[in-house]
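Counted the way the numbering used here counts, the sequence shown spans residues 44 to 1145. The beta-carbon is built from N, C-alpha and C at its ideal position, and this holds for glycine as well.
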Amino acid sequence: MAKRKEENFFSPENAKRPRQEELDDFDKDGDEDECTVSFTNGTSTLTAAEVGIIESIQLRNFMCHSMLGPFKFGSNVNFVVGNNGSGKSAVLTALIVGLGGKAVATNRGSSLKGFVKDGQNSADISITLRNRGDDAYRANVYGNSIVVQQHISMDGSRSYKLKSETGTVVSTRKEELIAILDHFNIQVDNPVSVLTQEMSKQFLQSKNEGDKYKVRNTKFFMKATQLEQMKEDYSYIMETKERTKEQINQGEERLIELKRQCLEKEERFQSIAGLSTMKTNLEYLKHEMAWAVVNEIEKQLNAIRDNIKIGEDRAARLDRKMEEQQVRLNEAEKKYKDIQDKLEKISQETNARAPECMALKTDVTAKKRTYNEAEVLYNRSLNEYRALMKDDEQLCKRIEELKKSTDQSLEPERLERQKKISWLKERVKALQDQESSINQEIEQFQQAIEKDKEERVRIKREELDVKHILSYNQRQLKELKDSKTDRLKRFGPHVPALLEAIDDAYRRGRFTCKPIGPLGACIHLRDPELALAIESCLKGLLQAYCCHNHADERVLQALMEKFYSRGTSRPQIIVSEFRNEMYDVRHRAAYHPDFPTVLTALEIDNAVVANSLIDMRSIETVLLIKSNSVARAVMQSQKPPKNCREAFTADGDQVFAGRYYSSENTRPKFLSKDVDSEISDLENEVENKKAQILNLQQHLSTLEKDIKRNEEFLRRRQIHYRELKVKITESISEIRELENIEEHQSVDIATLEDEAQENKIKMKMVEKNMEQQKENMEHLKNLKIEAENKYDAIKQKINQLSDLAEPLKDELNLADSEVDNQKRGKRHYEEKQKEHLDTLNKKKRELDMKEKELEEKMSQARQICPERIEVKKSASILDKEINRLRQKIQAEHASHGDREEIMRLYQEARETYLDLDNKVRTLKRFIKLLEEIMTHRYKTYQQFRRCLTLRCKLYFDNLLSQRAYCGKMNFDHKNETLSISVQPGEGNRAAFNDMRALSGGERSFSTVCFILSLWSIAESPFRCLDEFDVYMDMVNRRIAMDMILKMADSQRFRQFILLTPQSMSSLPSSRLIRILRMSDPERGQTTLPFRPVTHEEEEDRS
44 MAKRKEENFF SPENAKRPRQ EELDDFDKDG DEDECTVSFT NGTSTLTAAE VGIIESIQLR
104 NFMCHSMLGP FKFGSNVNFV VGNNGSGKSA VLTALIVGLG GKAVATNRGS SLKGFVKDGQ
164 NSADISITLR NRGDDAYRAN VYGNSIVVQQ HISMDGSRSY KLKSETGTVV STRKEELIAI
224 LDHFNIQVDN PVSVLTQEMS KQFLQSKNEG DKYKVRNTKF FMKATQLEQM KEDYSYIMET
284 KERTKEQINQ GEERLIELKR QCLEKEERFQ SIAGLSTMKT NLEYLKHEMA WAVVNEIEKQ
344 LNAIRDNIKI GEDRAARLDR KMEEQQVRLN EAEKKYKDIQ DKLEKISQET NARAPECMAL
404 KTDVTAKKRT YNEAEVLYNR SLNEYRALMK DDEQLCKRIE ELKKSTDQSL EPERLERQKK
464 ISWLKERVKA LQDQESSINQ EIEQFQQAIE KDKEERVRIK REELDVKHIL SYNQRQLKEL
524 KDSKTDRLKR FGPHVPALLE AIDDAYRRGR FTCKPIGPLG ACIHLRDPEL ALAIESCLKG
584 LLQAYCCHNH ADERVLQALM EKFYSRGTSR PQIIVSEFRN EMYDVRHRAA YHPDFPTVLT
644 ALEIDNAVVA NSLIDMRSIE TVLLIKSNSV ARAVMQSQKP PKNCREAFTA DGDQVFAGRY
704 YSSENTRPKF LSKDVDSEIS DLENEVENKK AQILNLQQHL STLEKDIKRN EEFLRRRQIH
764 YRELKVKITE SISEIRELEN IEEHQSVDIA TLEDEAQENK IKMKMVEKNM EQQKENMEHL
824 KNLKIEAENK YDAIKQKINQ LSDLAEPLKD ELNLADSEVD NQKRGKRHYE EKQKEHLDTL
884 NKKKRELDMK EKELEEKMSQ ARQICPERIE VKKSASILDK EINRLRQKIQ AEHASHGDRE
944 EIMRLYQEAR ETYLDLDNKV RTLKRFIKLL EEIMTHRYKT YQQFRRCLTL RCKLYFDNLL
1004 SQRAYCGKMN FDHKNETLSI SVQPGEGNRA AFNDMRALSG GERSFSTVCF ILSLWSIAES
1064 PFRCLDEFDV YMDMVNRRIA MDMILKMADS QRFRQFILLT PQSMSSLPSS RLIRILRMSD
1124 PERGQTTLPF RPVTHEEEED RS
């Protein structure tokens, strides 16, 4: 029994209890109860329990509850309150089952599968046990807590997981759980430790004296005090003793028979004669034979070591070649990536410059128009200035003439001049209006001509592009029509003839294995819509051929020279050893639930074809996604799928994690199945392209006519414009000449001088205006030239970028081919190295086996002959001599018998007899010692039982005195009965009543006293009671509660879990008391609310 702390019980002194206050720190984990106030008026310094108590329980799909918990229990007193059906008993049942108890022990069912909720496949229980302090179980492994998880299946089976504080699974064996329960002294099937609702009712309602000693054939008192376990151990030992006695009797009978057999074999051994000489010679020959075998193995070992040294040298050379090949491959890949980056950069730069080019072009047009307008204004001002200059000259001349002239003109002549001047001014105005209209028409014609010329350049470029597409489509159409009669012609016009040449060469034995190809003819699509995507992925590999070795490759190259002239593109040749099984790529293949890889999208019957495509293109890592936007989302908007390098869309576009390349092809060339439909579509497209070219040519012709017509109109308008300018100038000059002619008699020289002065002022203003217009025109001209230069520069840059891109594309194709060649070279050396290493490892394994064989043979030889001897004969010769000598010895044995066999049988019989005799003597001594020990143990057991009985009586009397009751307990251990008599009140103490004479409340109180008495002498880290107060009235319930709380206060190192339908609102406020209230289950409820009850809520309910 473990150490026990004694308790003192005080008389009741509680008149009225305060309501339970809200526990502010209910949901906090930790040791909130280690420093607490006592339930009584005094204080206690006892510490909380450190091992074995229950920290929390959580249930899932258990009984009728989908989710219950987690329930976090305090280290001392825990009340689980709630109405019937709320899940209180389910918690207690789960505690029993979760800690390994049987279903029948719960009184809730006969099988574990009955605890699984209806409609569910399994139930789960999780129980956390405290594991602290010096008595912790494997603290370095489990930590401060041990989590016991149990999974119950529908078939009634269950499994365990024992986890540490951090959640690490430590064990899944039930033996480990039993060891933990034994260490913590937890007995879930002990009714004193865990008293279920059914057992509590049975116990309270029982009127049989034997039921208090045992409940349902489970000894209640004996089980609680662990006396039952001691008694069972004693009975088991006594049974073992009886079985041992039976074994001794059987051994003595067997000894008589063995002694008789031993004497018979000894007599026969004494009567046989030896053949020592021949056997000595045989032994010497065996010695020689043993070392002769060793010599032969050593010779074989030396030869193998020489071969291994040669193989290691060759492996080193292959390693150097592989490193060199890897360097070349890295350089080729770097070159490919550099060219690809350059192309991408050029494409990005071209696209980036296109908007700027259009903007600059618009800017140039606007600045040209502005400059032309400024130039027109300047020319007008220049003409005006010249006219003023001429007027000035005429005025000056006229003034001089008037000064010299004395004649006077006639009046009629003056009137005629004025009439003519008026007519000339009207004519000038009409001519100027015509000039303005003609100037506008000239600008409109110039703009129309420039626009038509730009459109002509665009149409010519578009016509050239369409002609290229038409030429390509016509070639493809011809190939498709040829492939109707022979599908292989889709892969090239020479392919059928080349395959016939390959067949002929194979029949003549020029190939080790017949080459396979073209690869595109050996694969089939599962989804025809992915044809263009797969062609964009595989590219030239569709026309490639596979060879078994480099010798076959050279033969195939020679055959190709007959059909492909030098300088033309030839199909690629892949050299790889032919295998009958396809590679297992499951561990490195890309996977997406919605999109296939190239490998899964193809039906490939030939494993060589599949392996070649895996080697050359890694088709198991390339996804096929039909939609362009979805492909971008999968590869770029999120992390690409595992092992996925790239993806292709149904349009043939290539998508990387950070890049996107559009396909130049619009339809599949090799893999289309519906050739007739493809031909029809292609013919329609050819006709469409021809019609498009015809339309473009017609449009071009119309543009040419428009340009010529507008240029002719422009030329006429410009001539007319110049004629108008001349007429206007002449008319203005004539007006000025007429105005300057005055009659001598009416001429006022002063007026002419004033007019000349005003004319000079006007000339200066016009001249100043001209200078400003000229500066503005020069500024606009510079802006126009600058805009034209920028436009020409960016247009030239775009053209240069286009010119740079073309050779880069060719270089990219060459670099791609170079990468493929280097990969083939690397695979060649890798295969050579693998083949060589396999052979070398095989030799090394053979060497290890030979060395082990040598060690084994040398060990055998030393066992036969410890010292090595020189042997000149071979093993085969020695074997023949040994066989001859054995035949002679056997002939002797046939006549005299085998001395060694007789001696062996005699020794075996003697050893068997002596061994059995020794065992019988040992068992007799063991039986004698066991009887002495068991006699002493039984006396100690009886004394211990008397002590526990006495302690139980004393505790029972003390507890009854709490209500001024008196009573007694009578134990009859022989008949296994326990009678309890109680006298309530202050009546005649000698007249004890049987329990059957008590009321329900008095009997419940007495039973609680009995249970508390058993608690006082029983050892367990926790006690559980289910509805212990169901038959008590309020007075008995309060007194029983006081007794339980006082015991809990004096035993803070133990945990108490009490289940009751009462509200427990009258409990004292203490941090050591935790009330776990469970709400009534609602329809459709999956998780039951579980929280502390506040003071306000309790008042509202009451």
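Pair within 8 angstroms by beta-carbon distance, residue i and residue j
i: Leu1102; j: Val231; result: no
i: Ile736; j: Leu513; result: yes
i: Glu663; j: Arg710; result: no
i: His591; j: Glu620; result: yes
i: Ile100; j: Ser118; result: no
i: Gly143; j: Leu238; result: no
i: Leu743; j: Arg499; result: yes
i: Glu646; j: Arg569; result: yes
i: Val235; j: Trp1058; result: yes
i: Arg173; j: Glu98; result: yes
i: Leu431; j: Ser774; result: no
i: Leu666; j: Thr640; result: yes
i: Ala653; j: Leu602; result: no
i: Ile1087; j: Phe1096; result: no
Strand pairing of residue i, partner residues [DSSP]
i: Glu689; result: Val665
i: Ile170; result: Ile100, Val191
i: Thr640; result: Leu666
i: Leu1102; result: Val123, Asp1069
i: Asn1013; result: Ser1022
i: Leu826; result: Note: Leu826 sits in no beta bridge, so no partner.
i: Phe105; result: His108, Val159
i: Tyr703; result: Val698
i: Lys115; result: Ser99
i: Tyr203; result: Gln193
i: Val370; result: The partner list for Val370 (beta bridge, DSSP) is empty, contrary to what the question assumes.
i: Ile617; result: Cys589
i: Val94; result: Asn174
i: Ser153; result: According to DSSP, which records beta bridges pairwise, Ser153 is partnered with nothing at all.
i: Glu646; result: His567
i: Val212; result: Lys206
Whole-Å CB distance - residue i paired with residue j, under 8 angstroms assumed
i: Gly1010; j: Leu1021; result: That pair is no contact at about 13 angstroms.
i: Asp198; j: Lys145; result: About 16 angstroms separates the two Cβ atoms, so there is no contact after all.
i: Leu344; j: Leu890; result: 7 angstroms
i: Leu474; j: Leu767; result: 5 angstroms
i: Glu427; j: Val809; result: 5 angstroms
i: Ile10; j: Ala848; result: Since the first and last residues shown for the chain are 44 and 1145, residue 10 lies out of range.
i: Val618; j: Glu596; result: 5 angstroms
Chain C contact for residue i (CB, 8 angstroms cutoff)
i: Ser165; result: Chain labels in this structure do not include chain C; a single protein chain is all it has.
Fully enclosed by the stretch 261-300, which alpha helix (DSSP H) runs are 4 residues long or longer? 263-267
Does the count of Cβ pairs from the stretch 165-172 and the stretch 128-141 closer than 8 angstroms reach three? yes
Complete alpha helix (DSSP H) runs within the stretch 949-1000 (minimum length 4 residues, chain order): none
Secondary structure, alpha helix (DSSP H): runs of 4+ residues fully inside the stretch 557-599: 574-581
Does the count of Cβ pairs from the stretch 386-402 and the stretch 829-846 closer than 8 angstroms reach three? yes
Mind the definition here: the stretch 1078-1095 touches the stretch 103-115 only if three or more C-beta pairs lie below 8 angstroms; say whether that holds. no
Check whether the stretch 918-932 touches the stretch 325-339, taking contact to mean three or more Cβ pairs, one atom from each stretch, closer than 8 angstroms. yes
Run through the stretch 733-787 for me and flag every whole alpha helix (DSSP H) of 4 or more residues, listed as ranges in chain order. Qualifying alpha helix (DSSP H) stretches: none in this window.
Below 8 angstroms, can you find three or more Cβ-Cβ pairs linking the stretch 865-877 to the stretch 365-375? yes
Hey, is the stretch 804-817 in contact with the stretch 501-518, meaning 3+ C-beta pairs nearer than 8 angstroms? no
Three or more C-beta pairs below 8 angstroms linking the stretch 176-183 and the stretch 145-154: Taking 8 angstroms as the limit for Cβ pairs, the verdict is that the stretch 145-154 does not touch the stretch 176-183.
Examine the Cβ distances between the stretch 744-755 and the stretch 492-511 and report whether three or more of them are shorter than 8 angstroms. yes
Any contact between the stretch 400-407 and the stretch 903-918? By contact I mean 3 or more CB pairs, one from each, below 8 angstroms. no
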